[in-house]
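*Asks:* One structure, pasted below without further comment.
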Amino acid sequence: MSILIDKDTTFIIQGITGREAVNLTRECLDYGSKIVGGVTPGRKGREVHGVPVFDTIAQLVEHNGGVVPDGSVVTVPPAGTKDAVFEALYAGIKTIVIVTERIPRRDVAAMVELADRSGARIIGPNCLGLIVPGVAKMGGIGGPAKNAAVAYQPGSVGVMSRSGGMTTEISSTLTAAGLGVSTAVSIGGDAIIGSTYAELMPYFEADEQTQAIVIYTEPGGRMEAQLSAWVKENNSRLPIIAFMAGKFMDDDEMQGMSFGHAGTIVEGKEDSATEKIARLEEAGIPVVQRIDEIPDLVKAKIAERSAA
Amino acid sequence: MRFFEYEAREIVKRAGIPVTDYGFTTDAAEAKTIAARIGGPTVIKSQVLTGGRMKAGGVKFADTPEEAEAHAADILELEINGHEPRGVLVDPKADVKQEYYMGVVWDGAAKRPLMLFSDMGGIDIEQVAEEHPDHVGRGHFSTLDPFSDFMAKQVIADAGVTGKALQRCTPILARLAQLFLDNDMLLAEINPIAELHDGTFVALDAHMEMENEGMGRQKALIKALGIGAEEGTRETYVPSAFEEAVSAVDAADHRGVIQGKDNGFDGTIGLIIGAGGGSLTLTDAVRQQGGKPANYSEIGGNPSVAKACGLAKAVLAKDGVEKIAVMMSIVSNTRVDIVARGVIKACLELGKDPAETIAIFRIPGAWEEEGFKILDKYGIEYCDRSVSLWEAAGRAVAKIQGEAA
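For the record, the sequence lines run as chains A and B. Going letter by letter, the first sequence gives residues 1 to 308 in the UniProt record's numbering. Going letter by letter, the second sequence gives residues 1 to 405 in the UniProt record's numbering.
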């Protein structure tokens with residue numbers, strides 16, 4: 001099985017005629033995903049790799065015989081993202097991947113709040129989406145289908161990462177070690193995101209294929225504290241292993257500077273790398289120093305749990 | 001983007017929050033005129049984008065306009081934490097009965113804005129929250145629903161405040177919450193908001209920070225405050241020559257994104273690395289294996305050959321940098337062959353041998369066969385995904401610093 005999407009999931013691309021969106025459409029179709037339409041205002045009647053383009057989601061749904069697609073990948077510019085996501089939510093779409101970066105925080109908060117009210121889930125913004133190896137991908141994650149096939153093979157580990165690129169690096173390492181990936185989610189690097197580690201844990205918990213979780217994290221925010229709390233409160237069957245990048249930012253000479261994602265501007269001691277590592281380890285989540293240490297540790301943890 | 005106090009006060013004033021009859025000036029003689037107009041004791045405050053003004057001598061009290069002028073002259077010359085003041089604010093010395101704190105910030109975990117209020121104003125709110133948690137009221141509010149005053153009232157009441165103070169502060173906090181959203185702020189703080197002996201409330205200081213991503217739609221406000229485009233986002237540090245060179249290369253071409261930083265780095269290992277998470281991981285890996293990077297960088301979004309070349313040239317132009325390490329986590333959008341061509345081009349244009357200059361090239365992923373072919377042609381050491389980021393970083397350290405040692 002998988003989380004959030006499967007082989008039958010239908011989705012649309014909002015902003016489908018943009019340069020990156022055209023590539024993304026090709027990649028997803030090649031990988032076997034079911035894209036049922038695209039939206040770009042003013043471009044009704046066109047096609048992108050055989051996918052029909054509409055002015056509005058309402059037109060798309062009508063064309064689709066009244067059937068609302070399961071998901072949407074939103075790739076419109078930052079100033080129009082909130083409106084595009086609201087259109088998808090009002091149409092009843094339940095799984096939304098927001099690729100766009102540099103969206104003002106007020107808009108992100110509003111989209112997430114409306115999604116909560118609508119019983120929908122947002123992944124991102126500023127993310128590459130998610131992939132179920134060998135089944136479907138929703139977003140640019142893993143790149144072209146042939147590249148994605150090399151890095152992502154089906155397996156037992158769920159991956160969640162604040163960095164899109166590192167999702168693939170970690171998954172490739174797991175694949176090379178013969179463990180493979182159940183579902184990998186690029187959750188996005190911004191200060192406010194639709195789905196945090198802790199919010200996705202119940203999905204992985206319910207997915208029989210998943211035997212362990214690997215997370216990639218960075219300084220900034222309080223998402224790890226939230227995950228630690230979740231682990232302590234829920235008697236999860238899944239061992240979690242974390243990798244923390246950006247430890248160098250804790251050094252005095254780096255204070256006040258920002259690196260990487262928008263979320264990694266460290267403003268207080270609480271969200272520094274050192275502080276986060278301490279908090280994760282307190283909750284029984286080991287934090288490895290190197291990505292290449294992950295597979296052996298995952299194997300050991302899975303063996304530990306199955307023996308218990 | 002951060003605002004000076006005189007700008008922050010203007011922002012709260014525009015939102016209908018009472019402020020004192022202050023004046024801003026860059027000239028000591030004019031400070032005297034403002035003090036004379038105010039007529040009475042004044043406070044002269046340095047206008048700098050850094051904390052610790054009071055301790056540094058950037059805030060002084062004056063009884064007469066002449067004294068105000070003398071203080072202004074001193075403060076205008078006073079550098080605080082390396083910041084030269086923009087000017088001084090001349091403020092009537094308020095007849096304060098009690099100071100309160102009010103602020104609005106984003107709560108990333110709750111994904112909502114958060115109001116904070118305390119009857120212990122004038123000091124750091126984090127300290128109050130730690131030492132006197134019962135004196136701090138908190139409350140999230142919606143970004144969808146209209147704001148209503150009762151939401152602010154609850155927060156103030158939660159801090160243990162009642163009576164006139166509760167009634168007077170409620171509309172002020174409500175306006176602060178509204179301006180926080182309306183103006184795309186990351187932080188909107190009034191500390192202190194003072195209750196005067198005549199029973200009125202007035203903002204005696206304000207601290208505002210706007211999100212850079214929101215600046216595009218806040219142009220009217222930024223313009224009204226007299227802030228020119230040349231001020232950019234008012235970063236906390238002055239960009240180095242290297243950082244400016246990389247920004248110029250990035251701005252010259254819309255394809256892909258490159259960033260470079262070297263504030264805080266003083267080693268000899270030139271890093272051409274990416275993308276966001278990969279750069280953080282690789283910088284750690286280099287440093288944890290004893291390496292001293294000359295810079296930090298990020299490549300992403302499929303940059304052109306010219307962009308990769310420009311970044312490599314900027315890194316190689318840094319003092320003490322003879323060699324570069326070109327490393328990324330597995331790429332799916334950025335093309336391996338394009339980055340390879342860019343960094344080789346940089347070496348050739350600088351009259352350097354690419355095989356000698358590029359200590360290691362570790363970028364697996366999209367278009368890697370083509371990229372590796374080019375690297376082979378120039379005899380450059382490269383590796384595929386079977387070599388981890390950690391190992392690649394280790395090789396870079398050994399090859400670059402090992403030889404230097």
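Ideal Cβ positions, reconstructed from N, Cα and C, are used throughout, including at glycine.
#1: Excluding five sequence neighbours on each side, which residues of the same chain lie with their C-beta closer than 8 Å to the C-beta of residue 196 of chain A?
#2: For residue 133 of chain A, I'd like the list of residues in its chain whose CB is within less than 6 Å of its CB, leaving aside the five on either flank, ordered along the chain.
#3: Expressed to the nearest angstrom, what Euclidean distance is found between the alpha-carbon atoms of residue 298 of chain A and residue 135 of chain A?
#4: I want to see whether chain A comes within less than 9 Å of residue 59 of chain B, judged by CB atoms only; does it?
#5: I'd like to know whether the C-beta atoms of residue 184 of chain B and residue 9 of chain B end up nearer to each other than 9 Å.
#6: Please list, in chain order, the chain A residues whose beta carbon lies closer than 8 Å to that of residue 240 of chain B.
#7: Check residue 295 of chain A in the structure and name its three-state DSSP category.
#8: At a CB-CB cut-off below 7 Å, which residues of chain A make contact with residue 333 of chain B?
#9: Could you tell me how far apart the beta carbons of residue 86 of chain B and residue 141 of chain B are, in whole angstroms, since I believe they sit closer than 8 Å?
#10: If we call anything under 9 Å between Cβ atoms a contact, is residue 336 of chain B one with residue 365 of chain B?
#11: Go through the region 114-184 of chain B residue by residue and report every complete run of the alpha helix (DSSP H) that reaches 4 residues or more, in order.
#12: Taking 9 Å as the CB-CB limit, is residue 109 of chain B close to chain A?
#13: What number of angstroms, rounded off, separates the C-alpha of residue 244 of chain A from the C-alpha of residue 272 of chain A?
#14: Quick one: is residue 143 of chain B near chain A, going by C-beta distance under 9 Å?
#15: By alpha-carbon positions, which one of A:253, A:121, A:171 and A:118 ends up nearest to residue 141 of chain A?
#16: Name the DSSP bridge partner or partners of residue 107 of chain B?
#17: Assign residue 1 of chain A to one of two classes, buried (16 or more other C-beta atoms within 10 Å of its C-beta) or exposed (fewer than that).
#18: Look at residue 287 of chain A and residue 212 of chain A and say whether their C-beta atoms are less than 9 Å apart.
#19: Whole alpha helix (DSSP H) runs in the region 205-285 of chain B with 4 or more residues, listed along the chain?
#20: Cβ closer than 7 Å: which chain B residues qualify as neighbours of residue 112 of chain A?
#21: Considering only the beta carbon of each residue, do residue 7 of chain B and residue 156 of chain B sit closer than 9 Å?
#22: Could you pull out every residue in the same chain whose Cβ sits closer than 7 Å to the Cβ of residue 29 of chain B, ignoring the five residues on either side in sequence?
#23: Can you check whether the CB of residue 31 of chain A is closer than 9 Å to the CB of residue 131 of chain A?
#24: Would you verify that the beta carbon of residue 160 of chain A is, or is not, closer than 9 Å to some beta carbon of chain B?
#25: Residue range of the alpha helix (DSSP H) that residue 26 of chain A falls in?
#26: What are the boundary residues of the alpha helix (DSSP H) that includes residue 216 of chain A?
#27: Where in the region 304-336 of chain B do unbroken runs of the beta strand (DSSP E), each at least 3 residues long, occur, reported from the N-terminal end onward?
#28: Beta-carbon within less than 6 Å of residue 126 of chain A's beta-carbon, same chain only, minus the 5 sequence neighbours each way: which residues are those?
#29: CA-CA distance, residue 306 of chain A and residue 239 of chain A?
#30: Please determine if the region 73-81 of chain B and the region 95-107 of chain B are in contact, where contact requires at least 3 C-beta pairs separated by less than 8 Å.
#31: Can you name, in chain order, every residue of its own chain whose Cβ lies under 8 Å from the Cβ of residue 405 of chain B, other than the five neighbours on each side?
#32: Tell me where the alpha helix (DSSP H) around residue 80 of chain B begins and ends.
#33: Is residue 5 of chain A buried or exposed, if buried means 16 or more other CB atoms sit within 10 Å of its CB?
#34: With a CB to CB cut of under 6 Å and the five nearest residues on each side skipped, what residues in its chain are close to residue 107 of chain B?
#35: For residue 200 of chain B, count neighbouring C-beta atoms within 10 Å of its own C-beta (all shown protein chains included) and say buried if the count is 16 or more, exposed if not.
#36: For chain B, find out if any of its Cβ atoms is closer than 9 Å to the Cβ of residue 325 of chain A; answer yes or no.
*Replies:* Let's see:
#1: The sequence position of residue 196 of chain A within the first sequence is 196, counting from 1. Once the five neighbours on either side are set aside, the close Cβ partners of residue 196 of chain A are 187, 223, 226 and 227.
#2: Taking the first sequence and counting its residues from 1, the one referred to as residue 133 of chain A is at position 133. If we look at residue 133 of chain A and ignore the five residues flanking it on each side, its Cβ neighbours are 152, 153, 154 and 181.
#3: Counting from one through the first sequence, the residue named residue 298 of chain A turns up at place 298. Counting from one through the first sequence, the residue named residue 135 of chain A turns up at place 135. Answer to the nearest angstrom: the Cα atoms are 23 Å apart.
#4: The sequence position of residue 59 of chain B within the second sequence is 59, counting from 1. Taking Cβ atoms only, chain A never reaches closer than 9 Å to residue 59 of chain B, which makes this a no.
#5: Residue numbering aside, residue 184 of chain B sits at position 184 when the second sequence is read from its first letter. Residue numbering aside, residue 9 of chain B sits at position 9 when the second sequence is read from its first letter. Not a contact, by the Cβ cut-off of 9 Å.
#6: Stepping through the second sequence from its first residue, residue 240 of chain B is reached at position 240. The contacting residues do not exist; residue 240 of chain B stays about 12 Å from chain A at best.
#7: Residue 295 of chain A sits at position 295 when you count from the first residue of the first sequence. Note: residue 295 of chain A maps to helix in three-state DSSP.
#8: Position 333 of the second sequence holds residue 333 of chain B. Neighbours of residue 333 of chain B on chain A, chain order: 140 and 143.
#9: Counted from its first residue, the second sequence places residue 86 of chain B at position 86. Counted from its first residue, the second sequence places residue 141 of chain B at position 141. In fact, because the Cβ distance is near 33 Å, the residues do not count as touching under 8 Å.
#10: Taking the second sequence and counting its residues from 1, the one referred to as residue 336 of chain B is at position 336. Taking the second sequence and counting its residues from 1, the one referred to as residue 365 of chain B is at position 365. Against a cut-off of 9 Å, the Cβ pair of residue 365 of chain B and residue 336 of chain B comes out as a contact.
#11: 125-131, 149-158 and 163-182
#12: As a working note, residue 109 of chain B is residue 109 in the second sequence. Yes, residue 109 of chain B lies at the interface with chain A (some Cβ there is under 9 Å from its Cβ).
#13: Indexing the first sequence from 1 puts residue 244 of chain A at position 244. Indexing the first sequence from 1 puts residue 272 of chain A at position 272. Each residue's Cα considered, the two are about 10 Å apart.
#14: Numbered from 1 along the second sequence, position 143 holds the residue referred to as residue 143 of chain B. Yes - at least one Cβ of chain A is within 9 Å of the one on residue 143 of chain B.
#15: Numbered from 1 along the first sequence, position 141 holds the residue referred to as residue 141 of chain A. The shortest Cα separation from residue 141 of chain A among A:253, A:121, A:171 and A:118 belongs to A:171.
#16: Within the second sequence, numbered from 1, the residue matching residue 107 of chain B stands at position 107. Note: residue 107 of chain B sits in a beta bridge opposite B:112.
#17: As a position in the first sequence, residue 1 of chain A is number 1, starting the count at 1. Looking at its Cβ environment, which holds fewer than 16 other Cβ atoms inside 10 Å, residue 1 of chain A is exposed.
#18: Against the first sequence, residue 287 of chain A aligns to sequence position 287. Against the first sequence, residue 212 of chain A aligns to sequence position 212. Contact: no.
#19: 219-224 and 241-251
#20: The residue you call residue 112 of chain A lines up with position 112 of the first sequence. Neighbours of residue 112 of chain A on chain B, chain order: 111.
#21: For the purposes of this step, residue 7 of chain B is taken as the residue at position 7 of the second sequence. For the purposes of this step, residue 156 of chain B is taken as the residue at position 156 of the second sequence. No; because the gap between Cβ atoms is not below 9 Å, this pair is not in contact.
#22: The sequence position of residue 29 of chain B within the second sequence is 29, counting from 1. Taken in chain order, the residues that qualify are 69.
#23: Position 131 of the first sequence, counted from the start, is the residue given in the question as residue 131 of chain A. Position 31 of the first sequence, counted from the start, is the residue given in the question as residue 31 of chain A. The answer is yes: Cβ separation under 9 Å.
#24: Within the first sequence, the letter at position 160 stands for residue 160 of chain A. Chain B, which has no Cβ nearer than 9 Å to the Cβ of residue 160 of chain A, makes this no.
#25: Within the first sequence, numbered from 1, the residue matching residue 26 of chain A stands at position 26. From DSSP, the alpha helix (DSSP H) with residue 26 of chain A extends over 19-31.
#26: For this step, residue 216 of chain A is matched to residue 216 along the first sequence. From DSSP, residue 216 of chain A is part of no alpha helix (DSSP H) but of the beta strand (DSSP E) over 212-217.
#27: 323-328
#28: Within the first sequence, residue 126 of chain A is the residue found at index 126, counting from 1. Within the same chain, residue 126 of chain A has close Cβ partners 101, 188, 189 and 190.
#29: The sequence position of residue 306 of chain A within the first sequence is 306, counting from 1. The sequence position of residue 239 of chain A within the first sequence is 239, counting from 1. The straight-line gap from Cα to Cα measures roughly 11 Å.
#30: no
#31: What you label residue 405 of chain B is simply residue 405 of the second sequence in a count that begins at 1. Caution applies to residue 405 of chain B, whose pLDDT of 47 falls short of 50 and renders its modelled position unreliable; the value that the coordinates give is listed next. So no residue of the chain qualifies.
#32: The residue you call residue 80 of chain B lines up with position 80 of the second sequence. Careful: residue 80 of chain B lies outside any alpha helix (DSSP H) and carries neither H nor E.
#33: Taking the first sequence and counting its residues from 1, one reaches residue 5 of chain A at position 5. Answer is buried; the Cβ neighbour count reaches 16.
#34: Numbered from 1 along the second sequence, position 107 holds the residue referred to as residue 107 of chain B. Answer for residue 107 of chain B: 114, listed in chain order.
#35: The sequence position of residue 200 of chain B within the second sequence is 200, counting from 1. When all chains shown are included, residue 200 of chain B counts as exposed.
#36: Shown here, chain A extends from 1 to 308; a query on residue 325 of chain A therefore has no answer.
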